[in-house]
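Note sheet for the following structure.
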Amino acid sequence: MRSFPDDTEVQQAAKSMLEASQFFHQRGWLLGTCGNLSVKVAPGRILVTPSGRDKSRLRPDDFLLVDEQGVTVAGHEGKASEELAVHQQIYRLTSARAVYHVHSVPNNLASHLWRQQGYVLFEGIEMIKGIAGKALHDQIFLPIASNHQCMTELSQSVADVLRPEVPAVLVHQHGIYAWGDHPDVARRHIEIFEFLLDYVVRLR
Ligand SMILES: [Zn+2]
Numbered sequence: 389m390r391s392f393p394d395d396t397e398v399q400q401a402a403k404s405m406l407e408a409s410q411f412f413h414q415r416g417w418l419l420g421t422c423g424n425l426s427v428k429v430a431p432g433r434i435l436v437t438p439s440g441r442d443k444s445r446l447r448p449d450d451f452l453l454v455d456e457q458g459v460t461v462a463g464h465e466g467k468a469s470e471e472l473a474v475h476q477q478i479y480r481l482t483s484a485r486a487v488y489h490v491h492s493v494p495n496n497l498a499s500h501l502w503r504q505q506g507y508v509l510f511e512g513i514e515m516i517k518g519i520a521g522k523a524l525h526d527q528i529f530l531p532i533a534s535n536h537q538c539m540t541e542l543s544q545s546v547a548d549v550l551r552p553e554v555p556a557v558l559v560h561q562h563g564i565y566a567w568g569d570h571p572d573v574a575r576r577h578i579e580i581f582e583f584l585l586d587y588v589v590r591l592r
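408 is the number that our numbering gives to position 20 of the sequence shown; each next residue is one higher, with no gaps.
In structure tokens:
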């Protein structure tokens, strides 16, 4: 165990991720060892969930603090989440301060139903107002990236479809990445998009 710096940002980030992971697990979006969460705690420093751990049983010292190259500088001695590369790509391309990733039945179904057009469209649904900066009259085009087992390829496919005005990307038959300028916003965006995806799948 490499101890964390006595840093309020790190402690706050760990608390936010613990609460979010338990909430997501209870909703059935973070089952088993799937999914991963990260928070940017300082320039070039990301606190991230470990690889292969049950996300409903995380403890405060299970997180890893990594630098821009993904090298662990403090925290848990295991490996960082395999999908860290995708999180790093999203931090490079957006102003995100937190990136959360979950797998759910509705997000997998939606990614498959609308794969050919390359996006899921939301319009006229009250819950759109829960997305930062959006109003009811806004059309939301949630892009769908192709899935890859190679993390370099997955990062590139997410980068290829990412729209700066939409704080989320679906990955085909895999899950959703959603982000925000604060951990609470990333958590809210996961909730909102999961609602919207569940709604459009059931409507269809
Ligand atoms: Zn995943």
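Note that beta-carbon positions come from the ideal geometry of N, C-alpha and C, so glycine has one too.
If you're wondering where the values come from, they're calculated on a predicted model, not measured in any experiment.
- Taking the Cβ of residue 416 as the reference point, every heavy atom of ligand 1 lies at 7 Å or farther away.
- Short of 8 Å from the beta carbon of residue 592, and not among the five residues preceding or following it, lie these beta carbons of its own chain, in chain order: 501.
- Those residues whose C-beta sits under 7 Å from the nearest heavy atom of ligand 1 are, from N- to C-terminal order along the chain, 422, 423, 424, 471, 489, 491, 562 and 563.
- The closest CA to that of residue 433, considering only 443, 548 and 458, is found on 458.
- Cβ neighbours of residue 571 within its own chain (closer than 6 Å, five residues either side excluded): 404, 427 and 486.
- The C-alpha of residue 576 lies about 17 Å from the C-alpha of residue 478.
- In this model, residue 563 and residue 587 are separated by some 16 Å (Cα to Cα).
- By the Cβ rule, the region 525-541 counts as touching the region 508-515, because three or more pairs are nearer than 8 Å.
- Within the same chain, and ignoring the five residues on either side of residue 412 in sequence, the residues whose Cβ sits closer than 6 Å to its Cβ are 418 and 490.
- Going by C-alpha positions, residue 532 is about 14 Å away from residue 494.
- Counting every other CB atom within 10 Å of its CB across the protein chains shown gives residue 437 a total of 16 or more, marking it as buried.
- Annotation: the continuous beta strand (DSSP E) that includes residue 489 extends over 486-490.
- Apart from the 5 residues on each side of it in sequence, residue 566 sits with its Cβ closer than 7 Å to the Cβ of 488, 555, 556, 574, 577, 578 and 581 in its chain, given in chain order.
- Within the region 407-448, the complete beta strand (DSSP E) runs of at least 3 residues fall at 424-430 and 433-436.
- Sequence-distant Cβ neighbours of residue 484 in its own chain, meaning closer than 8 Å and more than five residues away, are 428, 478, 555, 567, 568, 569 and 574.
- In this structure, residue 585 keeps its C-beta atom at 8 Å or more from the C-beta atom of residue 481.
- Secondary-structure assignment with DSSP links residue 460 through a beta bridge to 454.
- The region 480-562 is shown to contain whole beta strand (DSSP E) runs of 3 or more residues at 486-490, 507-510, 528-533 and 556-559, in chain order.
- Here residue 523 is exposed: its Cβ has fewer than 16 other Cβ atoms, across all protein chains shown, within 10 Å.
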